[in-house]
Amino acid sequence: MTDFRTLLADLRRPRLLIRAARYGMADYRRDRDLKRLLRQDKPLGPEKTLPRLIDEEERLESIRRAGDASYSLNQHIEVLIALMSELHLLPRPQQLI
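At position 78 of the sequence shown (counting the first as 1) the number is 77 in my numbering, and the numbers step up by one without a gap.
Set out below in structure tokens:
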């Protein structure tokens with residue numbers, strides 16, 4: 000199983016992007032947002048949704064870094080919001096004592 004928490008903790012993005020995404024998490028509604036972002040009728044569990052969101056975020060990041068005019072800051076923030084929010088829906092791993 001992929002360790003999404005470590006993967007996202009290692010994510011290096013501009014501070015303003017991350018701050019905007021954290022702020023937007025309060026308004027996240029997975030039924031509405033995932034339908035729009037991933038074009039799926041019924042939201043799947045976070046384990047299946049996170050890999051798709053990660054791929055989409057990486058695609059947007061490469062467009063941003065290339066300076067491509069097709070880059071959408073709003074879409075990038077929305078994907079980051081969904082990514083962070085879906086991560087919070089995963090069960091916490093059991094800690095060994």
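A virtual CB, placed ideally from N, CA and C, is assigned to each residue, including glycine.
Keep in mind that this is a model prediction, so the values were computed, not measured.
Leaving out five residues before and five after residue i in sequence, what residues of the same chain have Cβ atoms less than 6 Å from its Cβ?
i     : result
Arg29 : Pro42
Quick one: what does DSSP say residue i is sitting in, helix, strand or coil?
i     : result
Asp30 : helix
Gly44 : coil
Arg64 : helix
Arg51 : helix
Gln39 : coil
Arg11 : coil
Tyr22 : helix
Leu89 : coil
Ser71 : coil
Please identify the residue among the options whose C-alpha is closest to the C-alpha of residue i.
i     : options                    : result
Asp26 : Arg63, Met83, Arg14        : Met83
Ala81 : Leu15, Leu16, Arg12, Leu36 : Leu36
Arg91 : Glu46, Arg12, Leu72        : Glu46
Leu88 : Met24, Ala68, Arg64, Gln39 : Met24
Arg51 : Arg64, Asp67, Ala65, Leu33 : Leu33
Who are the near neighbours of residue i in its chain, counting only those whose CB is closer than 7 Å to its CB and skipping five residues on each side?
i     : result
Met0  : Because the pLDDT of Met0 is 45, which lies under 50, any placement of that residue in the model is unreliable, and the number read from its coordinates should be weighed accordingly. The answer is none, since no qualifying residue turns up.
Leu15 : none
Below 8 Å CB to CB, which residues in the same chain sit around residue i once its five sequence neighbours on both sides are set aside?
i     : result
Leu59 : Tyr70, Ser71, Gln74, His75, Val78
Ile62 : Ser69, Tyr70
Subject >> Three-pair Cβ contact test at 8 Å for the segment 70-77 versus the segment 13-28 >> reply: yes
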